[in-house]
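**Student:** Here the protein sequences line up with chains A and B, keeping their order. Here numbering that gives the first Met the number 0 is used: the first residue of the first sequence is 0, the next is one more, and so on. Here numbering that gives the first Met the number 0 is used: the first residue of the second sequence is 0, the next is one more, and so on. Pasting in a structure now, in structure tokens, and then I'll have a few things to ask.
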Amino acid sequence: MLVAGCDVGSTSGKVVILQDGKIVAHSIVPNDPLSDVTAKNAMEKALKGKNVTMNDINLTIGTGYGRVDIPFAKKIVTEIACHGKGAFWNNNKARTVIDIGGQDAKVIKIDKHGVVKDFVLNDKCAAGTGKFLETMARILDVKLEEMGKISLKAKEIVEISSQCSVFAESEVISLIAEKKDPIDILAGINHSVANRLVSMLYRIGIEEDVVISGGVAKNIGVVKMIEDKIKTKIPTYTTDPQLFGALGAALFAQQELGG
Amino acid sequence: MAEKEFEGHNHMLKNLGIDIGAHDQLMQGLQPMFREVFLSQKNRPKAMSYFDFRMSEIHGCRIRELSEHKEKGGKVIGAFCLYVPEEIVLAAGGMMVGLCAGADIGGPEAEQYLPRNICPLIRSSLGMKLSRLCPYFELADLVVGETTCDGKKKAWEIFQDLIPLHVMHLPAMKGTKAQELWLEEMIKFKEKVEEITGNEIDAAGLKEAIARVNRRRAILKRLNETRKISPTPISGKDALLVTQLGFSDDIEQFLEGAETLRQELEQRVRNSQGAIDAAMPRLMVSGCPMVLPNWKIHHIVETNGGAVVCEEACTGQRYFRDPVEESDGKLDNQLRVLSDRYLKLDCACFTPNDDRINNIIDLAQQYRVDGVIYNILQFCTTYAVEFYRVEKALKGIGVPVLRVETDYSQEDIGPLTNRLEAFLEMIRKTH
Chain A
0 MLVAGCDVGS TSGKVVILQD GKIVAHSIVP NDPLSDVTAK NAMEKALKGK NVTMNDINLT
60 IGTGYGRVDI PFAKKIVTEI ACHGKGAFWN NNKARTVIDI GGQDAKVIKI DKHGVVKDFV
120 LNDKCAAGTG KFLETMARIL DVKLEEMGKI SLKAKEIVEI SSQCSVFAES EVISLIAEKK
180 DPIDILAGIN HSVANRLVSM LYRIGIEEDV VISGGVAKNI GVVKMIEDKI KTKIPTYTTD
240 PQLFGALGAA LFAQQELGG
Chain B
0 MAEKEFEGHN HMLKNLGIDI GAHDQLMQGL QPMFREVFLS QKNRPKAMSY FDFRMSEIHG
60 CRIRELSEHK EKGGKVIGAF CLYVPEEIVL AAGGMMVGLC AGADIGGPEA EQYLPRNICP
120 LIRSSLGMKL SRLCPYFELA DLVVGETTCD GKKKAWEIFQ DLIPLHVMHL PAMKGTKAQE
180 LWLEEMIKFK EKVEEITGNE IDAAGLKEAI ARVNRRRAIL KRLNETRKIS PTPISGKDAL
240 LVTQLGFSDD IEQFLEGAET LRQELEQRVR NSQGAIDAAM PRLMVSGCPM VLPNWKIHHI
300 VETNGGAVVC EEACTGQRYF RDPVEESDGK LDNQLRVLSD RYLKLDCACF TPNDDRINNI
360 IDLAQQYRVD GVIYNILQFC TTYAVEFYRV EKALKGIGVP VLRVETDYSQ EDIGPLTNRL
420 EAFLEMIRKT H
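Below, the structure is given as structure tokens:
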């Protein structure tokens, strides 16, 4: 049985294809302004070089902000349920899932079956999300994917007081002008994101194991800072955490077909 | 609506000082929205047609009726809040209406006076007045404010330069002292209304007014009782619309429309005929008032597989829950009874406010809800802070709760839909 999950988020599109419960293909593509194009691009990329075509896939479930515009998704599920499910597949002891995506951040609590029990999301504003980190990476002229690694070398954490991306941008520019070490500023930026998430974790209550998913899970600086604050180890998995949403959708598809 | 009649309304509105160009735009936006939110629903009770009509005529026929009342020397008194006793206005031969405060309109105008971080209800009310879009404001011989929250308290100081205003001092804690203070405020309000209308209020008149308002409470209460049944015979959106219209509609016409609806709903209950499939999760929306035309949360819930069966809000249970005791007593005694009833209301502006927590638990059980959506209008401190205790109490009885904070704009529809959908998914699993 071949099933797929397609997650069209605010900044990227992801596809995971499962065959008999194993990941056989996956992809991550940057967003096109049109969600259906993003979805198609992601699917094409996942299928490229594989021995299967769209027609071989028995069911695709869509998720993410663009879920309603995925032409080949027969069903949709919110990314909250999908991230919970994806995280649980990687670790069936997972009870708390942190997901930091492009424009939202959430903490999801799941039960011993991987089913959502409770969740919190950031309101309107995109503070503490991938978009915030992206803006900061641009000002500091570092690659987004290196922000975490570089920040580990920081000698001190320069505090960034603004939660708002727009104000934080000017704050960081002033810090550069004050000749603060950019590495320390980076640590401050990651610290600010971690703080947002920790307050959400406290709100909902921490239950181990804690798992982190979404693009920002790849920022080791943010992850370490969250670990330090909540005094809990957040394990890593072989599956790319950015794919957890699409994986969860594929697992729902598998479940739908009785698998 | 006939073209001619429409033009006639416009003439009337223009005479009231309404900005016709902007008003037309507002109405043109409202019509498709109303079609999408209400008329597209399946299995609607037929008797909703009365309320659809009154809604379509909210700035038409209703304004004409009020204008005619004024032409005959009657007075119109506007208010924003449940604490303003309509009985006193009616007893003096006046009419009371709720003022417009539910749309994302007049923001830039209002922000000349108000800070950005103020609740959308206050911003909208001032915006409506400043942009001359609410005919109720223009008709009002007196607007009545109250000291429910900090934002309103200070906004009255701005309003007083724009309209004739009377502010009632609502205490922040309950008890004997508060009862005395509130009774005093009730008497002051009575004197103010007598002065405006030129009519003296007597015991017989007040008794009759109390009975009239009680009749509206009773019918709304009974209508809402039918929502305890599964499948609910009326959608949450329709039930909310009926309650909302109670604030502006003529009492007698409203009673007639509501009575027809009651009969139909009770018949539906007997036939197990639902407006929404019984398999859908049943939800209560609790928190800040949802003033016309704010149907945002109900609409998202009901287009995503949920049924709203109860509103714990000023535009809900709090509006019709407690009748005023009817007695033959002297005027003094009647005023005391009236005053005590109003002070019983459990708005989040009171501290402590255990009554509200208990009422929420009671409603959650009576209406057998699968979950509660806690609705906070942005920057509404009292309801936002009270969430902590409400959540704790609801979780204590195993009812999941989702907190949403929103305003009247459409910009957060995406994220808001997302979390409401996720909440529905979550409670469906345990359903």
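Idealized CB from N, CA, C, for every residue including glycine. Predicted, not measured: the structure shown is a model, and the values here were computed from it.
In the DSSP assignment, what residue or residues form a beta bridge with Asn374/B?
**Tutor:** On the second sequence, residue 374/B is found 375 positions in, with the first residue counted as 1. Beta-bridge pairing links Asn374/B to Gly286/B and Val403/B.
**Student:** Hey, is Arg418/B's beta-carbon within less than 7 Å of any beta-carbon in chain A?
**Tutor:** By 1-based counting over the second sequence, the position of residue 418/B is 419. With 7 Å as the cut-off, Arg418/B counts as an interface residue toward chain A.
**Student:** Using 8 Å for Cβ pairs, my map puts Cys99/B next to Phe136/B. What's the rounded Cβ distance?
**Tutor:** Indexing the second sequence from 1 puts residue 99/B at position 100. Indexing the second sequence from 1 puts residue 136/B at position 137. With a Cβ gap of about 7 Å, Cys99/B and Phe136/B count as contacting.
**Student:** Can you pull the chain B residues whose beta carbon is under 8 Å from the beta carbon of Ala80/A, in chain order?
**Tutor:** Along the first sequence, one-based indexing puts residue 80/A at 81. By Cβ distance, chain B contributes Ala421, Glu424 and Met425.
**Student:** Which residue marks the beginning of the beta strand (DSSP E) containing Met47/B, and which one marks its end?
**Tutor:** Here residue 47/B corresponds to residue number 48 of the second sequence, with the count starting at 1. Met47/B -> not in any beta strand (DSSP E); alpha helix (DSSP H) instead, spanning Met47 to Ser55.
**Student:** Can you list, in chain order, the residues of its chain with a C-beta nearer than 6 Å to that of Gln243/B? Leave out the 5 residues immediately preceding and following it.
**Tutor:** Here the question's residue 243/B lines up with position 244 in the second sequence. So the qualifying residues of the chain are Leu291 and Thr314.
**Student:** Identify whether Glu263/B lies in helix, strand or coil by the three-state DSSP scheme.
**Tutor:** Reading the second sequence from its first residue, position 264 is the one you call residue 263/B. DSSP places Glu263/B in helix when its eight states are reduced to three.
**Student:** Using the Cα positions of Ile19/B and Met26/B, report the straight-line distance between them to the nearest angstrom.
**Tutor:** Taking the second sequence and counting its residues from 1, one reaches residue 19/B at position 20. Taking the second sequence and counting its residues from 1, one reaches residue 26/B at position 27. Distance between the alpha carbons of Ile19/B and Met26/B: 10 Å.
**Student:** For Ala383/B, I'd like the list of residues in its chain whose CB is within less than 6 Å of its CB, leaving aside the five on either flank, ordered along the chain.
**Tutor:** As a position in the second sequence, residue 383/B is number 384, starting the count at 1. Ile375, listed in sequence order.
**Student:** With a cut-off of 7 Å, does the C-beta of Leu58/A fall near any C-beta of chain B?
**Tutor:** Position 59 of the first sequence holds residue 58/A. No, no contact with chain B.
**Student:** Below 7 Å between beta carbons: does that hold for Glu410/B and Thr77/A?
**Tutor:** As a first step, residue 410/B is located in the second sequence; it is residue number 411 there, counting from the start. As a first step, residue 77/A is located in the first sequence; it is residue number 78 there, counting from the start. No. Outside cutoff.
**Student:** Let me make sure I understand the geometry here. Which of Ile75/A, Asn40/A, Val106/A and Asp140/A has the alpha-carbon closest to that of Met199/A?
**Tutor:** Numbered from its first residue, the first sequence carries residue 199/A at position 200. Closest by alpha carbon: Val106/A.
**Student:** Can a CB atom of chain A be found closer than 7 Å to the CB of Ile412/B?
**Tutor:** By one-based count along the second sequence, residue 412/B stands at place 413. By this cut-off, Ile412/B is not an interface position.
**Student:** By Cβ distance below 6 Å, which residues in the same chain neighbour Lys230/A in space, the five residues on each side in sequence not counted?
**Tutor:** Counting from 1 along the first sequence, the entry for residue 230/A is found at position 231. Correct list: empty, nothing qualifies.
**Student:** Is the CB of Glu404/B under 7 Å away from at least one CB in chain A?
**Tutor:** Mapped onto the second sequence, residue 404/B falls at position 405. Yes, Glu404/B counts as interfacial toward chain A.
**Student:** Closer than 8 Å is the cut-off here; do at least three beta carbon pairs connect the stretch 233–251 of chain A with the stretch 129–143 of chain A?
**Tutor:** In short, these stretches do not touch, since the Cβ pair count stays below three.
**Student:** CB Gly77/B to CB Ala139/B, shorter than 7 Å?
**Tutor:** By 1-based counting over the second sequence, the position of residue 77/B is 78. By 1-based counting over the second sequence, the position of residue 139/B is 140. Against a cut-off of 7 Å, the Cβ pair of Ala139/B and Gly77/B comes out as a contact.
**Student:** Any beta-carbon of chain B closer than 7 Å to the one on Asp122/A?
**Tutor:** Counting from one through the first sequence, the residue named residue 122/A turns up at place 123. Yes, Asp122/A counts as interfacial toward chain B.
**Student:** Can you name the residues of chain A whose CB is closer than 9 Å to the CB of Pro399/B?
**Tutor:** For the purposes of this step, residue 399/B is taken as residue 400 along the second sequence, with counting starting at 1. Near Pro399/B (Cβ distances below 9 Å), the residues of chain A are Lys116 and Asp117.
**Student:** Figure out for me which residue from Ile299/B, Asp249/B, Cys118/B and Ala347/B has the closest Cα to the Cα of Ala102/B.
**Tutor:** Here residue 102/B refers to the residue found at position 103 of the second sequence. Ala102/B has its Cα closest to that of Cys118/B, out of Ile299/B, Asp249/B, Cys118/B and Ala347/B.
**Student:** Taking buried to mean at least 16 other C-beta atoms within 10 Å of its own C-beta, is Leu148/B buried or exposed?
**Tutor:** As a working note, residue 148/B is residue 149 in the second sequence. Strictly speaking, residue 148/B in this sequence is Cys, with Leu absent from that position. So Cys148/B counts as buried.
**Student:** Beta-carbon within less than 7 Å of Gln24/B's beta-carbon, same chain only, minus the 5 sequence neighbours each way: which residues are those?
**Tutor:** Working through the second sequence from its first residue, we reach residue 24/B at position 25. So no residue of the chain qualifies.
**Student:** To be precise: take each residue of the stretch 231–252 of chain A, compare its Cβ to all Cβ atoms of chain B, and keep it if any distance is under 9 Å. Which residues remain?
**Tutor:** The stretch 231–252 of chain A vs chain B, Cβ under 9 Å: nothing.
**Student:** Which of the three DSSP states is assigned to Thr59/A in this structure?
**Tutor:** In the first sequence, residue 59/A corresponds to position 60, counting from 1. Of the three classes helix, strand and coil, the one that applies to Thr59/A here is strand, per DSSP.
**Student:** Tell me the rounded alpha-carbon separation between Val323/B and Leu120/A.
**Tutor:** Numbered from 1 along the second sequence, position 324 holds the residue referred to as residue 323/B. Numbered from 1 along the first sequence, position 121 holds the residue referred to as residue 120/A. Each residue's Cα considered, the two are about 42 Å apart.
**Student:** Under the three-state reduction of DSSP, which class applies to Leu141/B: helix, strand or coil?
**Tutor:** In the second sequence, the residue the question calls residue 141/B occupies position 142. The answer is strand: DSSP assigns Leu141/B an E or B state.
**Student:** Check whether the stretch 185–198 of chain B and the stretch 250–268 of chain B are in contact - that is, three or more C-beta pairs closer than 8 Å.
**Tutor:** The stretch 185–198 of chain B vs the stretch 250–268 of chain B: no contact.
**Student:** Taking 7 Å as the limit between beta carbons, can you name the residues of its chain near Ala171/B, skipping five residues before and five after?
**Tutor:** Locating residue 171/B in the second sequence gives position 172, where the first residue counts as 1. Closer than 7 Å at the Cβ level, and outside the excluded window around Ala171/B, lie Cys348, Phe349 and Thr350.
**Student:** Suppose the cutoff is 6 Å on Cβ atoms and the five residues either side in sequence are ignored; what does the same chain contact list for Leu401/B look like?
**Tutor:** Mapped onto the second sequence, residue 401/B falls at position 402. Ile372 and Phe422.
**Student:** Listed from N- to C-terminal order along the chain, which residues in the stretch 125–157 of chain A have their beta-carbon within a distance smaller than 7 Å of any beta-carbon of chain B?
**Tutor:** Listed in sequence order: no entries.
**Student:** Can you tell me whether Gly204/A is helix, strand or coil according to DSSP?
**Tutor:** Here residue 204/A refers to the residue found at position 205 of the first sequence. Coil, per DSSP.
**Student:** Enumerate in chain order the residues of its own chain whose CB-to-CB distance from Ser9/A is below 7 Å, with the five nearest sequence positions on each side excluded.
**Tutor:** Locating residue 9/A in the first sequence gives position 10, counting from the first residue. Closer than 7 Å at Cβ, skipping near neighbours: Tyr64, Gly100, Gly101 and Gln102.
**Student:** Reducing DSSP to helix, strand and coil, say where Lys13/A ends up.
**Tutor:** Reading the first sequence from its first residue, position 14 is the one you call residue 13/A. Residue state, collapsed to three classes: strand.
**Student:** Could you work out which residues of chain B lie near Asp103/A, taking near to mean beta carbons separated by less than 9 Å?
**Tutor:** Residue numbering aside, residue 103/A sits at position 104 when the first sequence is read from its first letter. The answer, in chain order, is Pro414 and Asn417.
**Student:** Would Glu109/B and Leu125/B qualify as a contact pair, given that the criterion is a beta-carbon distance under 7 Å?
**Tutor:** Within the second sequence, residue 109/B is the residue found at index 110, counting from 1. Within the second sequence, residue 125/B is the residue found at index 126, counting from 1. According to the sequence as given, residue 109/B is Ala; it is not Glu. Contact: yes.
**Student:** Using a Cβ-Cβ distance cut-off of 7 Å, determine whether Thr77/A contacts chain B.
**Tutor:** Here residue 77/A is taken as the residue at index 78 of the first sequence, counted from 1. Yes, contact with chain B.
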